[in-house]
Amino acid sequence: GAVVSQHPSWVICKSGTSVKIECRSLDFQATTMFWYRQFPKQSLMLMATSNEGSKATYEQGVEKDKFLINHASLTLSTLTVTSAHPEDSSFYICSARGGRGYTFGSGTRLTVV
Amino acid sequence: SQQGEEDPQALSIQEGENATMNCSYKTSINNLQWYRQNSGRGLVHLILIRSNEREKHSGRLRVTLDTSKKSSSLLITASRAADTASYFCATSWGSNDYKLSFGAGTTVTVRA
């Protein structure tokens with residue numbers, strides 16, 4: 347079946363540093379990838395949509411310069427949290443859309459200290 | 287916002303019992319999907335029901351869709367401890383049908 351690999355699964359970083367999260371579709375080509383943010387015991391909030399080779403489309407209220415998204419190939423998208431602050435601590439999940447619908451990564455727990 | 291509401295927020299049942307959760311949404315949809323999320327993990331797709339369908343089954347799962355009431359329900363029959371998870375409905379709609387809007391989720395605990 348369709349598999350999406352997301353890593354790291356967890357990361358702790360110091361305030362002010364940047365963190366990169368990778369999302370790879372392992373056995374299919376993803377026409378579109380999505381990045382979500384999830385706070386404890388809450389739903390998933392869509393942050394941005396990315397298509398290979400084009401700029402990401404950000405949802406209202408999401409800072410483009412803070413959350414940099416690169417979708418360099420049909421199998422890889424990255425989310426970089428720049429100049430991270432404690433309020434950026436959250437669970438980030440990617441999703442890839444291919445021929446079989448949506449497949450989600452296992453998520454990344456980001457803690458900024 | 288299209289984001290759906292789910293109820294109950296939490297559900298605790300005994301193994302072997304059925305679990306029912308509901309999802310409501312605001313505007314016309316193309317389809318509705320249900321996902322499961324184990325604690326601290328990604329989402330697993332359970333079932334998709336299209337706007338022209340009223341009921342769908344997959345193993346121990348039964349999903350209904352009532353477009354007149356803009357609501358859907360997920361029934362898990364003969365629950366098992368492994369069904370303990372959070373369950374989310376997600377809708378797609380209009381020309382942005384590639385985007386999913388998630389409900390608030392129902393946390394289900396199945397007691398052994």
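The listed protein sequences derive, respectively, from chains X and A.
Take 347 as the starting number for the first sequence in our numbering and just add one per residue.
Take 287 as the starting number for the second sequence in our numbering and just add one per residue.
Every residue, glycine too, gets a C-beta built ideally from N, C-alpha and C.
Pair within 9 Å by beta-carbon distance, residue i and residue j
i      : j      : result
X/W381 : X/S419 : no
X/Q352 : X/I439 : yes
A/Y311 : A/S387 : yes
A/Q319 : A/V396 : no
X/T424 : X/I367 : yes
A/T361 : A/A296 : Note that residue 361 of chain A is Leu in the sequence shown here, rather than Thr. No, the Cβ-Cβ distance between A/L361 and A/A296 is not below 9 Å.
A/A398 : A/A371 : no
X/W356 : X/T454 : yes
Cα-Cα separation, residue i to residue j
i      : j      : result
X/L390 : A/D352 : 24 Å
A/H331 : X/A348 : 11 Å
A/L392 : A/N308 : The sequence given here places Thr at residue 392 of chain A; Leu does not occur at that position. Cα-Cα distance, rounded: 9 Å.
X/R446 : X/T377 : 11 Å
X/S396 : A/S378 : 17 Å
A/S359 : X/G362 : 44 Å
X/F374 : X/T449 : 10 Å
X/R443 : X/M379 : 6 Å
A/S357 : A/Y384 : 20 Å
A/G328 : X/D411 : 26 Å
X/G451 : X/P354 : 11 Å
A/S287 : A/G345 : Confidence is the limiting factor: at A/S287 the pLDDT is only 49, short of 50, which leaves the residue's position unreliable and the question unanswerable from this model.
A/L347 : A/L334 : 11 Å
X/Q384 : X/F437 : 5 Å
Closer than 7 Å at the beta carbon, the chain X residues around residue i
i      : result
A/K385 : L392 and T395
Neighbour list for residue i in chain A, Cβ cutoff strictly below 8 Å
i      : result
X/R443 : Y384
X/G407 : Simply none; closest approach about 12 Å.
X/G399 : Going along chain A, no residue has its Cβ under 8 Å from X/G399, so there is no contact; the nearest lies around 17 Å.
Neighbouring residues, chain A, relative to residue i (Cβ below 7 Å)
i      : result
X/T378 : Y384
X/F413 : Correct list: empty, because the minimum Cβ distance to chain A is about 17 Å.
Rounded distance between the beta-carbons of residue j and residue i, thought under 8 Å
i      : j      : result
X/T421 : X/S364 : The pair is not a contact, with the Cβ atoms about 23 Å apart (cut-off 8 Å).
A/Y373 : A/R340 : Rounded, the Cβ-Cβ distance is 20 Å, inconsistent with contact.
A/E303 : A/S365 : 6 Å
Contacts of residue i in chain X (Cβ-Cβ under 8 Å)
i      : result
A/G326 : F437, G453 and R455
A/A390 : Q388 and S389
A/L235 : This structure cannot speak to residue 235 of chain A, because chain A is shown only from 287 to 398.
Interface residues of chain A facing residue i [CB-CB closer than 9 Å]
i      : result
X/Y404 : Ordered by position in chain A, no residue passes the 9 Å Cβ test against X/Y404, which lies about 12 Å from the chain.
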